[in-house]
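Since the structure comes first, as structure tokens, the remarks are kept for the end.
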Amino acid sequence: MIYKKLSSLSEISKAQISKILNSCSGLKDLVLDPKIIKPLERICGIRWLKANYVEKIFKLEDNIPNSSNPQFYFIYTSLSTLKKLLQQIRLRLKNDATVADMYHIVIIPRFLYVFENMLEEMGLFGVVKLYSLQWQPLHLDRGILSLEIPNLYRRLFVQHDLSLLPIYAKSLWHLYFVIGKPRFHFALGAHSISVLKQLDTLYENLPNTDKVEADCGAVIMLDRNVDYVSALLTPSTYTALLNEVYGINCGVCEHKSTGTPEHDQKFNRIPKKEPIQIILDSTNDSIYRDIKNRYFPEVTSILRTLTRDLRKEGENSRGMALDEIKKYVSTQLQATASKMKYLANHLEAAQTIINHLGHRFEMQQDTEQLLIQNKGKSSNLAYLEEVLVTENNRNAALRLLCLMAITQKLSDSEVKSFWQKFLHEFGYYYGFVHNNLLRAGFLTEETSASANLPNIVSKFLTNDFYVNINRLKQAPVDPAKVSLKAPTCCSYVFGGAYIPLIVQIASMILCNTPLNEIKTKLEPLGPFSIRNEQGYPLEARTILIYIVGGVTYSEIAACNLLETLTGSTIIVCSDKIISGNDLMEALTTV
Amino acid sequence: MAWKSSDEFWNTTSRTSFNFDDDFEIISSRSYISDSKSSDNLGSIVNYDFESASAQSLLPIESLLSRRNLEAVLNDVRITYQTPTPSVQETVIKMFLGMPYSLSVYRSLSQKLDLLDEAIASEDGNIILAVLLFLKKTLEATELYNHITKRKVAYRHYSNYLMEELLEQELANLVICSGNTCDLVYVYGTGLEKDMSKDKVQIKLLKFFLDYSKMMSSEQRAMFTEYKNFIGWQIENKLSCHTLTEELAFLCKSQWETKSDGSNCAKQIIDFRAQRHLNDFQYEWIVINALCTFEMWERLKHLFIKPIWLTKRVVIKSVINPQLFMTVLHKHNAPTSVLEEFLPCIPDTELSTSLAKKLLCHQFVINYYVSQRDRLALLSYMQEISRDSEHYTYAERMLNSDKRWKN
């Protein structure tokens, strides 16, 4: 039932969009920022738009379209995008006699006061209309909600820009109209706490939900920077790896064939990337439902078996009598044909994952396990250098550095040596990235005095990271003993090395661990806040996990396993589904 | 002082409301001034000698104008007056909820700062920036920077805004004024684009260096110096790659693409490595990849196979570990014959044999087992070779030779 509600949230988004479009009667055109097309497709189809008097739809490019209909621009909140757009509109207005109500700019999720100032300063106030549209989170797949708002990690954790922070509270306020307000809230991390405060302000001043009963027993909010490790470790499950290699946007994994050269500019061989199109939808694609959270080596063997089975089915059909064939064609053939299509895509994708990561997967996983166990620092450093020099992949190198910096810690000279090579490899352009790493908390100004001590000494000093993961039992003692094939421990999502923090917190709450005990365990991780309106121990075993700054598919897979293990329902929500590479992109953007 | 006088005047008149019916004596300006004369501590006293017309020659004020009109004149006396302002909390909540609000009512510094702190406490960047821009309009820049400096959240929001609006100079002023000199890199980063022309980058760099190099940390200065030198060298040599290693690869390409290279590594490449302080691993990796791409196997052997002076044994001389070295050759589809020339140069025979197996260098493996007189190992390895290959025949011939096997 709850899933149905979540899927239907798009109806509310449609009503919101409809209100905006109807502010102007008659035919109109849409001009979409290319990044908005995918989420908008998920909310409303072309037929719905036509029914709302949309005549033409354009992509937002350097030149704005020339048409006589009123234009509705859809862009994400960005000062520079808006400025560019307004400059174009102003240019057009100079050549053209002004038509009233011609230009409308819909800003997702909200426009800022500074935008209005800009409008005024450019002399466009009253000529161009701005709209804030915070659409409802998209139900991408069973139990996965995403606001699909890009760059929030960068804004919040690298730039420390709070302009869009209120959208989290707003989204919960909206959501509670549908699923009721849970009586237990838990927040860990500075931003999550602010979200709860802002939610209070909304509740004090605006209408409350009319639902008396809540579908969820608890909401757990977490800041991305409280558990960076879950975003930095190399995942082992299928969907998470798809996101690593291809990138997944709005629940769709797509790659069109491009003529890639054999070598990059430094003569490294470029692995082949097969064209695919996979909609990550467990309801319609039964193959995907089966493999999405599996340990990757398992996936390849399942796909192989499936291929064999389907081939056998095809062969059997050849030996059928005429009426049997008729029946087969009318009932099964289409299902088989679509299954074949799904299968072919998954096979291509699996092959590409192997092409891209196969050569270093083992070495990478070994190194990551050593990092989690605080072993072999010098060999880990050597591997870092190898990745930096041989992969020609900025994100991979930086990501491993970040992981090392928060686990084993790096000395000034280690960072310096990496940095010089990094700049030589990827360009001095990235000179600012070191500052971004400081801002995001991967490095600290005083690069922890202990990291500069000889290894033997530093080993005896307690490192917060290891103390914390031990207290929360996040690192299985022997990863080799964790079953990856038929997992019973959530660490399987990282090859048995590490259990995502969110899973440990959710499991404590689902097991009704006394709040005092939870407090003691989590206190050292950062500020946290609990709102308990007689909702704990939980009444409903459905919980909502909300991560500020992006959630990973590994965390989702781990939550799915926790659901099975505890007989609960877990809805995971975030601003975007991300991978470690997205975090690295955020750090390497000026 | 004049201001104080009018203030008192206001208070006096407003305390006792003006009433024509009462026998009210309006305080004349003369008596008023002399009043202030008596208090010496108020500052320098104006020597006021002007004698006004005697009281008798004046008409009473009530005959001059109506009560209503006098009120109008008096109301026209303007003073700096604090209108009642809504509390900053109230305004910030209105802003948070998107309701109409006004900031222009907050005019005293303390009100402005209260407003800023309340905005920061709301943790809504939209409000914080709106308040900051209001302060920018109504405060002097240095005054504004002083207060921003004391508030980290405000500093971040304002500097992000300046960066996005490409207000480089203002950003620099803020960064310097607040003492956050490590943020000078963001001043450089403002308006920086990935595919800027080299000339533009050079101008930007030189200007930046001239203005701020003294304020940078030694590390930052070293980095920018390296950058500046590299760009200068690129422009001089009409080269345009993005990075040092790409530039090295480009040099290798121009050297080896034609496969006409003489004996040694080109001077240009060696000079480049030395001048730019390129790390050995990075240097060798590019060179190996380039040589493999152009299939210059002889050159590769020449550069990387060296005899050890003491034992006269030849080894792979590279900072790159043998495993990685062999794997990259294999990735570039190096012929088996080439691989088999490198394999014996790995001193660790266990490693070389396992690599040979992985890279399908059958001849090497067979020879190894023969040299070890290990018949059983050879037999089991033969299972992995296809029966109709020349390697299988070779292994069979070896087995049937009159070699003395150890098993």
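Chains W and E, in that order, give the protein sequences.
Sequence positions in the first sequence follow this note's numbering and run 14 to 603.
Sequence positions in the second sequence follow this note's numbering and run 744 to 1150.
Ideal placement from N, C-alpha and C gives every residue a C-beta, glycine not left out.
Given the structure is predicted, the values throughout are model-derived calculations rather than measurements.
Assuming residue i contacts residue j (C-beta within less than 8 Å), just tell me the rounded distance between them.
{"i": "W/G230", "j": "W/A553", "result": "4 Å"}
{"i": "W/G562", "j": "W/R237", "result": "3 Å"}
{"i": "E/K1151", "j": "E/V1058", "result": "Past the boundaries of the shown model lies residue 1151 of chain E; chain E is included only from 744 to 1150, so the question cannot be answered."}
{"i": "W/H117", "j": "W/C57", "result": "Not a contact, Cβ separation roughly 17 Å."}
{"i": "E/L1094", "j": "E/Q1066", "result": "7 Å"}
{"i": "E/K1060", "j": "E/F1068", "result": "Wrong, their Cβ atoms sit about 10 Å apart, outside the cutoff."}
Nearest CA to the CA of residue i: which residue from the options?
{"i": "E/A897", "options": "E/S806, E/L875, E/E911", "result": "E/L875"}
{"i": "W/L198", "options": "W/G508, W/I556, W/D491", "result": "In the sequence on display, residue 198 of chain W carries His and not Leu. Of W/G508, W/I556, W/D491, the residue nearest in Cα terms is W/I556."}
{"i": "W/I591", "options": "W/P248, W/R105, W/V141", "result": "W/P248"}
{"i": "E/A1009", "options": "E/H1020, E/D1023, E/L991, E/N1022", "result": "E/L991"}
{"i": "E/N869", "options": "E/V835, E/V848, E/K895", "result": "E/V835"}
{"i": "W/L178", "options": "W/D595, W/K194, W/R123", "result": "W/R123"}
{"i": "W/E438", "options": "W/F445, W/N406, W/L414", "result": "W/N406"}
{"i": "W/A410", "options": "W/K434, W/G136, W/S21", "result": "W/K434"}
{"i": "E/I1063", "options": "E/T1054, E/D1023, E/D1131, E/W1052", "result": "E/D1023"}
{"i": "W/E257", "options": "W/V603, W/A599, W/D595, W/T602", "result": "W/D595"}
{"i": "W/S184", "options": "W/A253, W/L151, W/V225", "result": "W/L151"}
{"i": "W/T579", "options": "W/P550, W/G139, W/S145, W/C524", "result": "W/C524"}
Helix, strand or coil for residue i? Go by DSSP, reduced to three states.
{"i": "W/E267", "result": "strand"}
{"i": "W/F85", "result": "strand"}
{"i": "W/Q487", "result": "coil"}
{"i": "E/N923", "result": "coil"}
{"i": "W/S159", "result": "strand"}
{"i": "W/R282", "result": "strand"}
{"i": "E/F767", "result": "For E/F767, the predicted structure reports a pLDDT of 45, less than 50, and the residue's modelled location is therefore unreliable. The matter cannot be settled from this model."}
{"i": "E/D942", "result": "helix"}
{"i": "E/E1090", "result": "Looking at the sequence shown, residue 1090 of chain E is not Glu but Pro. Coil, per DSSP."}
{"i": "E/T1054", "result": "coil"}
{"i": "W/V67", "result": "strand"}
{"i": "W/Y116", "result": "strand"}
{"i": "E/Y1124", "result": "helix"}
{"i": "E/R1147", "result": "coil"}
{"i": "E/R894", "result": "coil"}
{"i": "W/H369", "result": "helix"}
Tell me which residues share the same chain as residue i and place their Cβ nearer than 6 Å to its Cβ, disregarding the 5 neighbours each side in the sequence.
{"i": "E/F951", "result": "Y931"}
{"i": "W/T380", "result": "N393, Y396"}
{"i": "W/Y355", "result": "D298, I300"}
{"i": "W/L497", "result": "Y308, Y505"}
{"i": "W/A570", "result": "T250, N306, V506"}
{"i": "W/N449", "result": "V171, L600"}
{"i": "E/I1012", "result": "L994"}
{"i": "W/E267", "result": "Q290"}
{"i": "E/T1092", "result": "none"}
Whose C-beta lies closer than 8 Å to the C-beta of residue i among residues of the same chain, with five residues either side of it excluded?
{"i": "W/L384", "result": "N393, L416, M417, T420, Q421"}
{"i": "E/I978", "result": "K941, D942, Q945"}
{"i": "W/V603", "result": "F445"}
{"i": "W/R302", "result": "S295, T296"}
Starting from residue i, find everything on chain E with Cβ-Cβ shorter than 7 Å and list it in chain order.
{"i": "W/R237", "result": "Under the 7 Å cutoff, chain E gives no residues; its nearest Cβ is about 16 Å from W/R237."}
{"i": "W/V402", "result": "F1024, Q1025, W1028"}
Counting only Cβ pairs nearer than 7 Å, list the residues of chain W close to residue i.
{"i": "E/N1032", "result": "K279, F280, N281"}
{"i": "E/V1058", "result": "Correct list: empty, because the minimum Cβ distance to chain W is about 20 Å."}
{"i": "E/G932", "result": "F445, V603"}
{"i": "E/A873", "result": "Y126, V127"}
{"i": "E/T1054", "result": "Per Cβ cutoff of 7 Å: no residues; E/T1054 is ~26 Å from chain W at best."}
Among the residues of its own chain, which have a CB less than 7 Å from the CB of residue i, if the five just before and after it don't count?
{"i": "E/S830", "result": "none"}
{"i": "W/F170", "result": "R237, N238, A453, G562"}
{"i": "W/H204", "result": "L169, L178, D236, V561"}
{"i": "E/I919", "result": "M958"}
Which residues in chain W sit within 8 Å of residue i, going by Cβ to Cβ distance?
{"i": "E/D867", "result": "L175, S176, L178, P179, Q211"}
{"i": "E/V896", "result": "H173, L175"}
Chain W partners of residue i, CB-CB under 9 Å?
{"i": "E/F973", "result": "Y441"}
{"i": "E/F839", "result": "P179, Q211, T214, L215, N218"}
Report the neighbours of residue i on chain E: residues whose CB is nearer than 8 Å to its CB, in chain order.
{"i": "W/H198", "result": "Within 8 Å Cβ-Cβ: nothing; W/H198 doesn't reach chain E, min ~17 Å."}
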